[in-house]
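Number 69 in UniProt numbering belongs to position 69 of the sequence shown; there are no gaps in the numbering.
We put the beta carbon where it would ideally sit given N, CA and C, even for glycine.
The model shown is predicted, which means the values in this text are computed figures rather than measured ones.
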Amino acid sequence: MASLPHMHYTFSSESSLKHHCVTTIRIPEAHISCLAAYNNLLYAASIHEINVYDLSNFTHFDTFNSDHSDSGSVKSIAFDSTKIFTAHQDCKIRVWQITTPVQTTPTCLHTPDC
Numbered sequence: 001m002a003s004l005p006h007m008h009y010t011f012s013s014e015s016s017l018k019h020h021c022v023t024t025i026r027i028p029e030a031h032i033s034c035l036a037a038y039n040n041l042l043y044a045a046s047i048h049e050i051n052v053y054d055l056s057n058f059t060h061f062d063t064f065n066s067d068h069s070d071s072g073s074v075k076s077i078a079f080d081s082t083k084i085f086t087a088h089q090d091c092k093i094r095v096w097q098i099t100t101p102v103q104t105t106p107t108c109l110h111t112p113d114c
């Protein structure tokens, strides 16, 4: 039986990436199902809630979708310039309007259950 050749990757020490942990953000709920960063904010989905953190100081900024516990886990988060798209375990995509800092919680635009 023929085996596949091993792939070898080498990086010069001058171009190697180095990583080190700068901080740890604790999520108040259970496990994190997905992460997304947009406009200096970090969106962390934990079960059905989406927690928003300010990346300039790593503080909790907002939580939304907390009223939709029946939506199941948030599976993914995507953005365009004015909207947030969230995919849920209940097989629905929710579209949220990003609002001004005066009203920080995004407003659900379209999903029959919003």
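Check	Outcome
Measure the alpha-carbon distance for Y43 versus N57 and round it to whole angstroms.	14 Å
Please determine, among I47, D80, L55, the residue with the shortest C-alpha to C-alpha distance to H88.	I47
Mapping DSSP to helix, strand and coil, what is D90?	coil
Grab the span of the beta strand (DSSP E) containing I25 for me, first residue to last.	Counting along the chain, I25 falls outside any beta strand (DSSP E), and DSSP gives it neither H nor E.
Identify whether M1 lies in helix, strand or coil by the three-state DSSP scheme.	Confidence is the limiting factor: at M1 the pLDDT is only 48, short of 50, which leaves the residue's position unreliable and the question unanswerable from this model.
Once the 5 residues before and after Q103 are set aside, which same chain residues still bring their CB inside 6 Å of it?	Model confidence at Q103 stands at a pLDDT of 49, short of 50, so the residue's coordinates are unreliable and nothing is read from them.
Report yes if the C-beta distance between L41 and L55 is below 8 Å; otherwise report no.	yes
Can you pull the DSSP bridge partners for H60?	Y53
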